[in-house]
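*Asks:*
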């Protein structure tokens with residue numbers, strides 16, 4: 008990771024204006040977005056968008072031809088190119104041929120992508136952005152920090168200063184007055200400009216129609232007043248039918264700004280007369296810039312389903328801390344990372360892809376149904392293939408995969424730290440490792456791993472057997488969680504088998520892009536876990552559960568190891584997370600809670616993988632309620648705690664403030680106990696609360712339930 | 086008026102538009118002229134009212150109307166629109182569940198009067214109200230219409246500190262006036 012990049016993160020998280028504005032916005036967005044969709048079936052809507060956009064991505068060439076044919080039949084000039092330089096050249100030549108001195112633009116990310124303004128300005132043409140946010144950042148000499156709200160990082164005071172310095176003295180930091188000032192100043196530009204440049208949100212092939220969505224009304228002026236209109240349209244905007252406009256236009260305003268509809272939508276299908284009766288010159292530039300290549304990539308084709316609403320930014324726990332500029336100059340946030348890798352260069356995404364904590368928030372709101380975290384992992388894998396795996400990382404994985412060696416090394420490190428230890432925590436680590444314990448204490452490494460202690464448990468002989476997959480944290484740091492699980496299963500008349508051959512689930516390797524290592528982990532685990540005749544393979548770590556249930560398969564698929572797929576599927580069919588299994592057993596009457604208990608308040612934290620990959624959020628809550636607890640919901644219960652496996656080690660600068668928000672929300676409930684289903688979250692949250700000397704008890708659901716079951 | 090109108094009214098008002106309904110065209114006209122007078126339309130720059138040609142005006146004596154209200158003109162061009170305080174036009178469809186108006190805006194006059202002035206008065210026939218976006222899109226013909234405009238509330242921005250501010254480049258006020266087609270049952 009580049010030092011400059013890390014510095015930009017530190018600078019961003021310490022900018023209270025930025026984190027304050029983004030934090031408040033992301034909180035408000037979540038509520039207003041839900042409200043905007045209240046009369047709609049979002050799943051059905053996004054399925055329709057994904058299907059229609061995916062169809063378009065598979066027929067890009069055909070749709071581009073059809074659009075060209077239909078638009079040209081109406082008098083529009085269409086220019087199609089893969090080369091950004093040719094786009095710039097076309098517009099400059101057009102401007103020169105028509106004596107254009109001044110251009111007004113409404114927002115176009117495609118034009119940002121090719122640095123159009125700079126190119127035209129160098130040629131002596133005045134280019135004015137007219138979207139208020141774009142105009143502000145243009146005056147300030149900055150780049151957009153958000154696709155929909157380019158100047159979201161600036162305060163009204165900063166905007167007033169920019170206006171004072173760049174336009175006219177005397178502007179006060181009063182938002183309505185600043186807006187009025189912009190209206191007056193830009194009005195003159197609108198009336199003088201000879202050319203207007205826009206983007207487009209949809210390009211309909213069957214009718215040659217451009218659909219342009221705005222709120223300020225600037226696109227209407229840009230497409231009405233100048234006699235030349237140039238629309239720069241990325242090929243991903245193409246859709247086959249006019250009917251395809253319905254789902255996109257239904258979702259876009261709701262997902263982008265939580266509006267039912269934006270103030271203005273213009274559908275332009277051909278040149279219209281100017282005031283003097285002459286027809287407008289209408290030029291549409293269909294810009295490829297690797298979009299065709301993207302649509303032909305089996306993994307990244309789905310990125311073509313993006314409708315550029317930026318909702319993935321708005322719900323991202325990392326984006327709301329660091330803002331857009333950390334991501335680079337053009338496209339920001341989750342989808343921005345992917346678009347940067349393609350439209351700029353894969354290596355340009357090397358640092359920024361590491362910002363993704365893999366919490367999956369964006370997958371829940373994406374109207375294009377894009378698996379953004381999955382694609383970011385794929386970028387990580389491709390970068391790792393290109394750069395090769397670092398030696399240190401290779402060495403780490405070889406240790407991690409050798410369970411006994413890994414445990415003894417951890418234990419040795421831990422014993423060495425003993426003088427610094429308090430209770431069950433490591434408080435400080437020396438030297439370069441100190442970042443790990445700066446904001447949270449780390450758990451002590453158990454003297455004996457679960458794989459040894461479990462043998463000592465006297466289990467009753469049962470007909471039904473299940474296999475337990477522990478994962479690193481339960482095996483080495485929290486064996487008591489595994490012991491509680493055995494206790495519960497025994498109560499249900501089930502014997503727990505611990506297959507010795509189980510190893511790391513491969514998540515650390517996979518999340519680092521080391522897919523070969525992850526595939527070896529998968530192979531070893533499949534062999535170990537399918538060796539016994541068991542009814543289920545249960546895990547009490549959602550990250551491991553997701554690996555066993557979904558990621559073994561996708562890792563093999565990524566590497567083309569199709570021979571391994573049947574066994575991976577056989578395992579996946581048996582895998583279940585702890586809470587879902589217990590809920591099932593309670594529902595079947597095989598487990599009973601102690602009767603008539605009133606256990607008081609408890610709060611529940613949703614772990615990312617459990618809620619968004621395994622879709623289990625009600626099961627643990629129902630179990631706790633049945634046990635006799637009163638659930639006091641924390642604010643943003645399903646927001647990531649900042650752990651993200653090794654993320655908290657790689658980017659403690661981001662992990663710490665995310666955890667801080669979580670701790671505040673936990674404390675606000677007033678509940679004396681916080682429970683969760685993930686040992687990683689326990690490590691992060693328990694460690695964070697310990698650092699703050701809080702008395703709130705943090706437990707895995709398995710431990711809480713073991714106490715309350717008959 | 087029925088539930089669809091109530092939905093339209095609620096949704097349009099929620100995005101800061103004003104909604105009126107008059108059964109008679111003459112009532113709608115009287116409302117507009119009174120409003121123009123009250124809002125200070127005069128025969129001086131920045132105080133004009135510009136009215137784009139539309140079916141509503143059929144059968145009305147435009148000369149007489151403009152004489153009765155100095156500053157109101159039916160001669161729409163860039164200059165008169167840029168100097169106008171109020172713009173008036175008729176829109177073709179209204180979408181209830183989003184409070185949206187839809188118009189064939191191929192004629193530039195219709196866009197000038199609804200983009201440049203501070204206030205836009207939008208006339209719509211009551212029987213042109215449809216429930217939702219799909220029903221509106223099924224009515225319009227992009228293969229025959231080069232510029233179709235959708236208008237939902239006045240112009241707005243939240244680009245500075247996410248604070249909603251009404252009236253940026255387009256109108257800061259949108260007044261929607263429904264009128265019934267003579268002889269229609271509504």
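Residue numbers (my numbering), protein chains in the order written: chain Y, 8 to 717; chain Z, 86 to 271.
All C-beta atoms, glycine included, are put in the ideal place defined by N, C-alpha and C.
From a predicted model like this one, the values you see are computed outputs, not experimental measurements.
#1: For chain Z, check one thing: does any of its Cβ atoms lie closer than 8 Å to the Cβ of residue 282 of chain Y?
#2: Compile a chain-ordered list of the residues in the region 140-159 of chain Z whose CB is closer than 8 Å to at least one CB of chain Y.
#3: Please list the terminal residues of the continuous alpha helix (DSSP H) segment that includes residue 697 of chain Y.
#4: Residue 295 of chain Y: buried (16+ other C-beta within 10 angstroms of its C-beta) or exposed?
#5: Buried or exposed, going by whether 16 or more other CB atoms sit within 10 Å of the CB of residue 671 of chain Y?
#6: How big is the Cα-Cα spacing for residue 192 of chain Y and residue 550 of chain Y?
#7: Considering only the alpha carbon of each residue, which of Y:252, Y:148 and Y:397 lies closest to residue 57 of chain Y?
#8: Quick check: the Cα distance between residue 301 of chain Y and residue 346 of chain Y, rounded to an integer number of angstroms?
#9: Do residue 29 of chain Y and residue 159 of chain Y have their C-beta atoms closer together than 8 Å?
#10: For residue 437 of chain Y, count neighbouring C-beta atoms within 10 Å of its own C-beta (all shown protein chains included) and say buried if the count is 16 or more, exposed if not.
#11: On a Cα-Cα basis, can you pick out the residue from Z:241, Z:244, Z:252 and Z:213 that is closest to residue 263 of chain Z?
#12: Step through the CB atoms of chain Y and report whether any lies within less than 8 Å of the CB of residue 219 of chain Z.
#13: Going by C-alpha distance, which of Y:508, Y:526, Y:509 and Y:507 is nearest residue 516 of chain Y?
#14: Can you give me the start and stop residues for the alpha helix (DSSP H) that residue 164 of chain Y sits inside?
#15: Which value, in whole angstroms, describes the spacing of the CA atoms of residue 410 of chain Y and residue 510 of chain Y?
#16: Using 8 Å as the limit for Cβ to Cβ distance, is residue 90 of chain Z near chain Y?
#17: If the criterion is Cβ atoms closer than 8 Å, does the pair residue 372 of chain Y and residue 491 of chain Y meet it?
#18: Determine which residues share a DSSP beta bridge with residue 110 of chain Y and list them.
#19: How about residue 227 of chain Y and residue 241 of chain Z: do their beta carbons lie closer than 8 Å?
#20: Of all the residues that make up the region 187-204 of chain Y, which are near chain Z by a beta-carbon distance shorter than 8 Å?
#21: Thinking C-beta only, is residue 172 of chain Z closer than 8 Å to residue 199 of chain Z?
#22: Beta-carbon of residue 717 of chain Y versus every beta-carbon of chain Z: anything under 8 Å?
#23: Please compile the residues from chain Z whose C-beta is within a distance smaller than 9 Å of the C-beta of residue 91 of chain Y.
#24: Just the Cα atoms here: how many angstroms apart are residue 46 of chain Y and residue 102 of chain Y?
#25: With 16 as the cutoff for other CB atoms within 10 Å, does residue 136 of chain Y come out buried or exposed?
#26: If you draw a straight line from the C-alpha of residue 327 of chain Y to the C-alpha of residue 598 of chain Y, how long is it?
#27: Tell me which residues share the same chain as residue 53 of chain Y and place their Cβ nearer than 6 Å to its Cβ, disregarding the 5 neighbours each side in the sequence.
#28: Examine the Cβ distances between the region 177-187 of chain Z and the region 263-273 of chain Y and report whether three or more of them are shorter than 8 Å.
#29: Do we get a CB-CB distance below 8 Å when we pair residue 253 of chain Z with the residues of chain Y?
#30: Rounded to the nearest angstrom, how far is the Cβ of residue 216 of chain Y from that of residue 227 of chain Z, given a contact under 8 Å?
#31: Can you pull the chain Z residues whose beta carbon is under 8 Å from the beta carbon of residue 795 of chain Y, in chain order?
#32: So is residue 162 of chain Y in contact with chain Z if we call contact Cβ pairs under 8 Å?
#33: Let's test the definition: count the other Cβ atoms within 10 Å of the Cβ of residue 75 of chain Y and tell me whether it reaches 16, buried, or not, exposed.
#34: If you draw a straight line from the alpha carbon of residue 337 of chain Y to that of residue 118 of chain Y, how long is it in whole angstroms?
#35: Spatial neighbours of residue 266 of chain Z within its chain, please: CB distance less than 8 Å, with the 5 preceding and 5 following residues excluded, ordered by chain position.
#36: How long is the line joining the alpha carbons of residue 194 of chain Y and residue 126 of chain Y, rounded to whole angstroms?
*Replies:* Let me spell this out:
#1: Along the first chain, read from residue 1 onward, the residue named residue 282 of chain Y stands at position 275. It does: the Cβ of residue 282 of chain Y has a partner Cβ on chain Z nearer than 8 Å.
#2: So the list is empty, because no residue satisfies the distance condition.
#3: For the purposes of this step, residue 697 of chain Y is taken as the residue at position 690 of the first chain. Looking at the DSSP string, the run of the alpha helix (DSSP H) that includes residue 697 of chain Y is 686-698.
#4: The count along the first chain starts at 1 and reaches residue 295 of chain Y at position 288. For residue 295 of chain Y, the number of other beta carbons within 10 angstroms of its own is at least 16, and it is reported as buried.
#5: If you number the first chain from 1, residue 671 of chain Y lands on position 664. Its Cβ having fewer than 16 others within 10 Å, residue 671 of chain Y is exposed.
#6: As a working mapping, residue 192 of chain Y is identified with position 185 in the first chain. As a working mapping, residue 550 of chain Y is identified with position 543 in the first chain. Residue 192 of chain Y and residue 550 of chain Y: Cα-Cα distance of roughly 54 Å.
#7: Here residue 57 of chain Y corresponds to residue number 50 of the first chain, with the count starting at 1. The candidate whose alpha carbon is nearest that of residue 57 of chain Y is Y:252.
#8: Here residue 301 of chain Y corresponds to residue number 294 of the first chain, with the count starting at 1. Here residue 346 of chain Y corresponds to residue number 339 of the first chain, with the count starting at 1. Annotation: residue 301 of chain Y to residue 346 of chain Y spans about 10 Å, alpha carbon to alpha carbon.
#9: Taking the first chain and counting its residues from 1, one reaches residue 29 of chain Y at position 22. Taking the first chain and counting its residues from 1, one reaches residue 159 of chain Y at position 152. Result yes, Cβ atoms of residue 29 of chain Y and residue 159 of chain Y sit closer than 8 Å.
#10: As a first step, residue 437 of chain Y must be located in the first chain, where it is residue number 430. A caution first: residue 437 of chain Y carries a pLDDT of 40, below 50, which makes its placement in the model unreliable, though a value can still be read off. By the neighbour-count rule (16 or more Cβ atoms within 10 Å), residue 437 of chain Y is not buried but exposed.
#11: Against the second chain, residue 263 of chain Z aligns to sequence position 178. Of the candidates Z:241, Z:244, Z:252 and Z:213, the one whose C-alpha sits nearest the C-alpha of residue 263 of chain Z is Z:213.
#12: In the second chain, the residue the question calls residue 219 of chain Z occupies position 134. So yes, residue 219 of chain Z belongs to the interface.
#13: Taking the first residue of the first chain as position 1, residue 516 of chain Y is located at position 509. Looking at Y:508, Y:526, Y:509 and Y:507, the one whose alpha-carbon comes closest to that of residue 516 of chain Y is Y:526.
#14: For the purposes of this step, residue 164 of chain Y is taken as the residue at position 157 of the first chain. Run containing residue 164 of chain Y: 163-173, per the alpha helix (DSSP H) assignment.
#15: If you number the first chain from 1, residue 410 of chain Y lands on position 403. If you number the first chain from 1, residue 510 of chain Y lands on position 503. Residue 410 of chain Y and residue 510 of chain Y have their alpha carbons spaced roughly 6 Å apart.
#16: The residue you call residue 90 of chain Z lines up with position 5 of the second chain. Against chain Y, the CB of residue 90 of chain Z has no partner CB under 8 Å away; the residue lies outside that interface.
#17: Against the first chain, residue 372 of chain Y aligns to sequence position 365. Against the first chain, residue 491 of chain Y aligns to sequence position 484. No; because the gap between Cβ atoms is not below 8 Å, this pair is not in contact.
#18: By 1-based counting over the first chain, the position of residue 110 of chain Y is 103. According to DSSP, residue 110 of chain Y bridges with Y:134 and Y:202.
#19: As a working mapping, residue 227 of chain Y is identified with position 220 in the first chain. As a working mapping, residue 241 of chain Z is identified with position 156 in the second chain. It is not a contact, given that the beta carbons lie outside the stated cut-off.
#20: Legend: CB atoms of the region 187-204 of chain Y lying less than 8 Å from CB atoms of chain Z belong to residues 187, 189, 190, 193, 194, 197 and 198.
#21: Numbered from its first residue, the second chain carries residue 199 of chain Z at position 114. Numbered from its first residue, the second chain carries residue 172 of chain Z at position 87. It is a contact, given that the beta carbons lie within the stated cut-off.
#22: On the first chain, residue 717 of chain Y is found 710 positions in, with the first residue counted as 1. Contacts with chain Z at 8 Å (Cβ-Cβ) do not include residue 717 of chain Y.
#23: Against the first chain, residue 91 of chain Y aligns to sequence position 84. Residues of chain Z passing the Cβ test: none, with the nearest at roughly 27 Å.
#24: Position 39 of the first chain holds residue 46 of chain Y. Position 95 of the first chain holds residue 102 of chain Y. The alpha-carbon separation between residue 46 of chain Y and residue 102 of chain Y amounts to approximately 46 Å.
#25: Counting from one through the first chain, the residue named residue 136 of chain Y turns up at place 129. Looking at its Cβ environment, which holds 16 or more other Cβ atoms inside 10 Å, residue 136 of chain Y is buried.
#26: Walking along the first chain from the start, residue 327 of chain Y turns up at place 320. Walking along the first chain from the start, residue 598 of chain Y turns up at place 591. Rounded to the nearest angstrom, the gap between the Cα atoms of residue 327 of chain Y and residue 598 of chain Y is 43 Å.
#27: The count along the first chain starts at 1 and reaches residue 53 of chain Y at position 46. So the list reads 374 and 376, once near-sequence residues are dropped.
#28: By the criterion of at least three beta-carbon pairs nearer than 8 Å, the region 177-187 of chain Z is in contact with the region 263-273 of chain Y.
#29: Counting from one through the second chain, the residue named residue 253 of chain Z turns up at place 168. Under the Cβ distance rule, residue 253 of chain Z counts among the residues neighbouring chain Y, one pair being separated by less than 8 Å.
#30: Mapped onto the first chain, residue 216 of chain Y falls at position 209. Mapped onto the second chain, residue 227 of chain Z falls at position 142. Contact holds; Cβ gap of about 5 Å.
#31: This structure cannot settle anything about residue 795 of chain Y, because the visible part of chain Y is limited to 8 through 717.
#32: Indexing the first chain from 1 puts residue 162 of chain Y at position 155. With its beta carbon less than 8 Å from one in chain Z, residue 162 of chain Y belongs to the interface.
#33: Your numbering for residue 75 of chain Y matches position 68 in the first chain. Per the 10 Å Cβ criterion, buried.
#34: Within the first chain, the letter at position 330 stands for residue 337 of chain Y. Within the first chain, the letter at position 111 stands for residue 118 of chain Y. Roughly 10 Å between the two C-alpha positions.
#35: As a first step, residue 266 of chain Z must be located in the second chain, where it is residue number 181. Sequence-distant Cβ neighbours of residue 266 of chain Z in its own chain, meaning closer than 8 Å and more than five residues away, are 210, 211 and 212.
#36: The residue given as residue 194 of chain Y occupies position 187 in the first chain. The residue given as residue 126 of chain Y occupies position 119 in the first chain. Computed Cα separation, rounded: 24 Å.
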